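Worksheet: the structure to be examined is printed underneath.
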Amino acid sequence: MAFKKLISVHEIEEGKLSVIKTRHFSVVVTKWENNYYAFEDSCTHDGEEISCGKLEGCVITCPRHFAKFDIRNGSVLALPATEPLTIFPTKVNGEDLEVDLESV
Numbered sequence: 001m002a003f004k005k006l007i008s009v010h011e012i013e014e015g016k017l018s019v020i021k022t023r024h025f026s027v028v029v030t031k032w033e034n035n036y037y038a039f040e041d042s043c044t045h046d047g048e049e050i051s052c053g054k055l056e057g058c059v060i061t062c063p064r065h066f067a068k069f070d071i072r073n074g075s076v077l078a079l080p081a082t083e084p085l086t087i088f089p090t091k092v093n094g095e096d097l098e099v100d101l102e103s104v
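Take a look at the structure:
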């Protein structure tokens, strides 16, 4: 695994979405129930920026066609999406949130 610093944990608010652009794609990071999650900013149904959707607890809803996903594991909770979100492993190192963008 190749964990790299993506953002400071102090910049991540519980239940809020932060988008970080990397060289190849955008990553959404959030905190829910004191755990950090990171996933690709793209709905697997049509590529819409999922970060424009609504986050309720651990469920994010795509703003275009209302597909729903569990941010903890990427699983699809509502159609029309059939493929899970791309989830990236995270870990806290001091004051930094590190994400493994190469594990997928």
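The UniProt record's numbering numbers the first residue of the sequence shown as 1 and each following residue consecutively. Using N, Cα and C, we set each Cβ at its ideal position, and we do this for glycine too. Model, not experiment: these values are computed from the prediction.
Using three-state DSSP, classify glutamate 56 as helix, strand or coil. Translated into the one-based positions of the sequence shown, residue 56 becomes position 56. The answer is strand: DSSP assigns glutamate 56 an E or B state.
Top-ranked residue by Cα proximity to threonine 86, from His45, Leu55, Lys31 and Glu11: Counting from 1 along the sequence shown, the entry for residue 86 is found at position 86. Out of His45, Leu55, Lys31 and Glu11, His45 has the C-alpha closest to the C-alpha of threonine 86.
Could you pull the DSSP bridge partners for phenylalanine 88 from this structure? The residue you call residue 88 lines up with position 88 of the sequence shown. According to DSSP, which records beta bridges pairwise, phenylalanine 88 is partnered with Ala38.
Tyrosine 36 versus cysteine 58: straight-line alpha-carbon distance, rounded: Translated into positions along the sequence shown, residue 36 becomes position 36. Translated into positions along the sequence shown, residue 58 becomes position 58. So the alpha carbons of these two residues sit roughly 11 Å apart.
Residues in its own chain within less than 6 Å of valine 104 by CB, not counting five upstream and five downstream? Indexing the sequence shown from 1 puts residue 104 at position 104. Hits under 6 Å: Thr86.
Should alanine 81 go down as buried or exposed, given a rule of 16 or more other Cβ atoms within 10 Å for buried? The residue given as residue 81 occupies position 81 in the sequence shown. With 16 or more other Cβ atoms within 10 Å, it is buried.
Could you work out which residue in Glu48, Val19 and Lys54 is closest to alanine 38 when comparing CA atoms only? Translated into the one-based positions of the sequence shown, residue 38 becomes position 38. Comparing Cα-Cα distances from alanine 38 to each of Glu48, Val19 and Lys54, the minimum goes to Val19.
Using DSSP with H/G/I as helix, E/B as strand and the rest coil, what is glutamate 14? Start at 1 with the first residue of the sequence shown, and residue 14 comes out as number 14. It is a strand residue.
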